[in-house]
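First up is the structure itself, then whatever we jot down about it.
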Amino acid sequence: MTGPGAGTPSRYGWLNVKRLSLRRGLLLLLIAALLPITILSIGQGLVRVENRRASVIGHLSESAHSLADSNEMILNGAATTLRIAAMNPEIRQGRPECAATLRSIQTLSPAYTNLARYNADGQLLCSAIASPRSINIAALPEWQQARESRKILVSEARVGPITGKRIMSLVLPLRNDKDVFEGTLGIAIDLAWLERRLAMAAATERDTGVAIFSDNGQRLISSRALPPIDLNVPIGDIGRTRDEAGRSWSYTLVPLVRPAPAQVGLYVVYASPDPERFGAVWWQTVIDFTLPVLAILLASLAIWFGARQLVLRWLVALQRLALSFAGGDYRRRPVNFSEAPREIRSVAASLYRMSGAVGERDRRLRDSLERQRLLARELHHRVKNNFQMVMSLLSLQSSRLQNEAARHAIDQARRRIGALALVHRQLYDTGELASISARTLLDALCQQLQPAADSNVRLVCDVDDVEVDIDTAVPLTLWVVETVNNALNHGFPAGQPGQVCVKLRAGKPAVLSVTDNGVGFSPDSFATDSVSGQGLRLIRALSTQLAGTMALQSNQDGAGSTASLSFPLRTAEPAIGEDVKPSSQ
25 MTGPGAGTPS RYGWLNVKRL SLRRGLLLLL IAALLPITIL SIGQGLVRVE NRRASVIGHL
85 SESAHSLADS NEMILNGAAT TLRIAAMNPE IRQGRPECAA TLRSIQTLSP AYTNLARYNA
145 DGQLLCSAIA SPRSINIAAL PEWQQARESR KILVSEARVG PITGKRIMSL VLPLRNDKDV
205 FEGTLGIAID LAWLERRLAM AAATERDTGV AIFSDNGQRL ISSRALPPID LNVPIGDIGR
265 TRDEAGRSWS YTLVPLVRPA PAQVGLYVVY ASPDPERFGA VWWQTVIDFT LPVLAILLAS
325 LAIWFGARQL VLRWLVALQR LALSFAGGDY RRRPVNFSEA PREIRSVAAS LYRMSGAVGE
385 RDRRLRDSLE RQRLLARELH HRVKNNFQMV MSLLSLQSSR LQNEAARHAI DQARRRIGAL
445 ALVHRQLYDT GELASISART LLDALCQQLQ PAADSNVRLV CDVDDVEVDI DTAVPLTLWV
505 VETVNNALNH GFPAGQPGQV CVKLRAGKPA VLSVTDNGVG FSPDSFATDS VSGQGLRLIR
565 ALSTQLAGTM ALQSNQDGAG STASLSFPLR TAEPAIGEDV KPSSQ
């Protein structure tokens with residue numbers, strides 16, 4: 025089997041990959057596609073966009089502040105005029121000379137349509153324009169607010185009660201030395217005059233719109249029709265809106281009169297339409313950002329082609345080669361790398377050299393492992409035979425003893441040696457070097473420890489099927505031998521029937537228990553009985569060897585006893601040279 029393109033000349037003759045390194049080939053393709061277009065276009069586009077953005081923001085902000093300053097000067101001038109006029113006793117007291125004095129003040133600015141003095145009840149006292157004295161403005165909102173205020177207030181747009189013109193009023197509350205309200209003095213600003221002034225200021229820029237809005241959305245004056253304006257745009261920021269034709273506008277707000285509890289807020293709005301779509305500016309912006317996209321597209325095509333020709337197909341071939349080696353086939357040559365780039369050919373040659381070395385090492389390791397297995401099996405077999413020989417000698421010795429205690433001690437030793445022999449027999453039978461099935465081992469041990477046929481006690485075994493290493497199997501077997509013998513010897517006196525249960529549950533930790541339903545025991549008895557005390561010390565030592573925790577429980581009312589051991593399960597590590605299945609990933 026051959027890899028893709030193996031053994032055939034390159035289909036792209038103009039690109040002789042055999043003379044190129046992998047890094048140099050990709051680098052040349054990338055530079056050829058990206059460098060001339062991307063650097064110039066991205067740099068130029070970013071500079072132009074930033075310049076246009078800064079220009080729009082700066083122009084809108086500068087123009088709005090300029091108009092706000094100009095109109096603020098008019099309002100400040102009117103406020104100063106009110107304060108000076110309020111100090112004139114003829115005006116303050118509403119004398120007959122009041123009207124003439126107000127007319128002389130009115131002539132100071134074409135923005136003033138009228139000045140008027142009202143008493144504390146809102147009744148007209150005098151006016152720059154001849155008016156009937158029956159006029160009363162007590163119902164107007166600004167007059168009601170002036171009663172509670174101590175500073176000049178600016179009103180929204182309304183029709184003047186004397187002039188009949190659309191005006192905006194500045195109202196000065198008048199109070200005596202005892203802070204008693206004595207009425208107001210007001211100046212009416214001609215909104216038509218302000219609107220003409222705004223139109224003249226905006227006439228220098230095509231399509232630009234200027235307006236003054238109150239904070240409740242009322243438009244006082246406007247140089248032209250404007251799209252909807254959101255007055256919640258933060259001061260100094262650029263807002264965006266659209267008119268009825270769908271054209272986009274940019275605008276900014278500058279405060280003319282800041283809002284207060286008794287004062288309506290007024291804002292100068294400066295709005296300018298955005299450049300038209302498909303206009304020169306629009307096309308320039310499109311070009312600025314299309315060229316980098318085009319560069320990226322060309323680079324992607326170049327990288328795709330170059331990577332396929334120089335990298336991807338050879339990586340697939342290397343992967344197939346690696347999978348062949350992972351399967352243990354070190355001699356097969358499934359791919360021809362003669363057409364691959366120099367680096368790929370070098371990697372493939374290294375893999376072939378490595379496969380030969382690994383194959384030879386595996387062969388030696390397998391031979392060595394097989395010899396170790398044979399030696400280990402022979403060792404377990406001989407140890408088992410030696411243990412059985414010792415058991416036979418102990419049985420012979422026990423049969424000759426007349427002393428019951430001595431015979432009991434010999435029998436105890438024989439059972440312990442039998443348990444060790446059982447471990448080695450299981451290792452020999454299974455052919456394993458370092459691990460054994462806990463179920464197989466303990467089931468066989470229970471058969472070995474089963475009481476005589478004429479006994480009324482039954483031994484049962486319930487063990488989870490888990491693997492344990494030999495360092496765990498030996499002390500675990502001895503622990504079961506000691507606890508089961510203790511239950512059989514002390515739990516059922518005088519032929520009493522019953523059951524002893526050996527149970528192992530895998531987990532973290534594993535739990536091994538030996539439970540009987542006999543007469544139970546007193547923990548104090550282990551201190552007085554030398555044989556039982558020795559067994560207790562042994563099972564405690566075995567528990568420590570297993571890094572476990574042992575517990576003994578017994579009820580004196582005949583409910584039986586339980587010996588339990590919680591210990592961590594340890595499994596044997598795989599031997600060096602054993603087969604390991606490769607990951608599918």
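Counting in my numbering, the sequence shown runs from 25 upward without gaps. Beta carbons are placed, not taken as given, at the ideal position from N, Cα and C, and that holds for glycine. The model shown is predicted, which means the values in this text are computed figures rather than measured ones.
Close CB contacts of aspartate 231 within its chain, under the 6 Å cut and outside five residues either way in sequence, are with Pro297 (chain order).
For leucine 222, the enclosing alpha helix (DSSP H) has its first and last residue at 215-226. If you look at arginine 199, you'll find it in the beta strand (DSSP E) that goes 190-199. In this chain, glutamate 121 is not harboured by any beta strand (DSSP E), its DSSP state being neither H nor E. In the structure shown, aspartate 93 adopts helical secondary structure according to DSSP, grouped into three states.
The Cβ atoms of alanine 102 and serine 133 sit closer than 9 Å to each other. About 51 Å separates the beta carbons of valine 293 and isoleucine 327, which is beyond the 8 Å limit, so they are not a contact pair. Of the candidates Pro499, Ser179, Arg564 and Ala323, the residue whose Cα lies closest to the Cα of alanine 56 is Ala323. Shortest Cα-Cα distance from leucine 58 to any of Ala587, Val317, Leu589 and Lys527 involves Val317. The criterion of a C-beta distance shorter than 9 Å is satisfied by glutamate 219 and serine 247.
In chain order, Pro533, Val535, Gly572 and Thr573 place their CB closer than 6 Å to the CB of serine 590, counting only its own chain and leaving out the 5 sequence neighbours on each side.
Annotation for arginine 357: no beta strand (DSSP E) segment contains it, and DSSP assigns it neither H nor E. By the CB criterion at 9 Å, glycine 584 and glycine 542 fall inside the cutoff. When DSSP assignments are scanned along the stretch 222-304, the uninterrupted stretches of beta strand (DSSP E) that are 3 or more residues long and fall wholly within it turn out to be 233-238, 243-246, 263-266, 272-281 and 290-297. In the three-state scheme derived from DSSP, where H, G and I count as helix and E and B as strand, aspartate 453 is classed as helix. The shortest C-alpha to C-alpha distance from aspartate 214 to any of Gln569, Gln471 and Tyr136 is the one to Tyr136. In the DSSP assignment, leucine 465 falls within the alpha helix (DSSP H) that extends over 462-473.
Within its own chain, the residues whose Cβ lies closer than 8 Å to the Cβ of arginine 199, once the five positions on either side in sequence are excluded, are Arg174, Phe205 and Glu206, listed in chain order. In this structure, the straight-line span from the alpha carbon of tyrosine 291 to that of glutamine 169 is close to 20 Å.
Secondary structure of aspartate 203 (DSSP, three-state): coil.
If the five residues before and after glutamine 130 are omitted, its C-beta is found closer than 7 Å to the C-beta atoms of Tyr136, Asn138, Leu139 and Ala152, all from its own chain and listed in chain order. Checking the DSSP bridge columns, you'll see glutamine 523 partnered with Arg482. Methionine 574 is bridged by DSSP to Leu589. Assigned with DSSP and collapsed to three states, isoleucine 327 falls in helix.
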